[in-house]
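Structure, as structure tokens:
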Amino acid sequence: MSGSISDNSQEFLTFTLGDEHYGLEIMMVKEIRGYEAVTKIANAPPFVKGVLNLRGDIVPIIDLRLKFNVGSAIYNEFTIVIMLSIGARIVGIVVDAVSDVVRLQKDDIKPPPEFGAAFDHQFLHGLSQVGDTMVILLNIESLISSKELGLFDSAENSVSV
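To convert, count from 1 in the sequence shown and add 890; that's the numbering used here.
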């Protein structure tokens, strides 16, 4: 079929956290919006900012700047929330800025380096050079559904906040 997209490529939404550039699979992105006040959840980790009502869905909001310990957590009219569809649920992640959508060939994605026990790379899909910038590609589904984050009950794939 002429003009079809190669099965050997994927599209990623790139964004910044502090001075670093990250990417996640574009197919998980539901919408991009500005930050709005959330309802705090008692005893939640600091990176779980709370929940908000998104057209009838109760959506947990995770600040990746705090989770990854990069950048300052300033909430103003420039703060961005990327709403993600993960399984049957919606989760919002707070980032500094959204950059671009890039198409990467599978050969352009390098596996994450081994750091030993000091760094858990299970949340990384890989690394890719985009122009002059190294982009860290996240396995956002693995991160959001991790026991460490504690948002989903893996048996039921439901939010536990």
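Glycine included, every Cβ here is placed at the ideal spot set by N, Cα and C.
Over the uninterrupted beta strand (DSSP E) stretch that includes residue i, give me the two end residues.
| i | result |
| --- | --- |
| residue 1055 | Any property of residue 1055 remains undetermined from this structure, which presents the chain solely from 891 to 1051. |
| residue 938 | 938 to 944 |
| residue 916 | First-last for residue 916: undefined, no H or E at that position. |
Please name the residue or residues paired with residue i in a DSSP beta bridge.
| i | result |
| --- | --- |
| residue 987 | 906 |
| residue 1015 | According to DSSP, which records beta bridges pairwise, residue 1015 is partnered with nothing at all. |
| residue 956 | None, per the DSSP bridge assignment. |
| residue 982 | 951 and 973 |
| residue 1074 | Here the chain covers residues 891 to 1051 and nothing more, so residue 1074 does not appear. |
Mind checking which residues open and close the alpha helix (DSSP H) that includes residue i?
| i | result |
| --- | --- |
| residue 921 | Where residue 921 is concerned, there is no enclosing alpha helix (DSSP H), although the beta strand (DSSP E) it sits in stretches over 919 to 924. |
| residue 1034 | 1030 to 1034 |
According to DSSP, is residue i helix, strand or coil?
| i | result |
| --- | --- |
| residue 1000 | strand |
| residue 1026 | strand |
| residue 928 | coil |
The stretch 973 to 980 contacting the stretch 924 to 932, beta-carbon criterion three pairs below 8 Å: no
At least 3 beta-carbon pairs within less than 8 Å: the stretch 993 to 1001 vs the stretch 1013 to 1028: yes
At least 3 beta-carbon pairs within less than 8 Å: the stretch 917 to 927 vs the stretch 960 to 976: yes
The stretch 895 to 910 / the stretch 933 to 944 touching (three or more Cβ pairs under 8 Å): no
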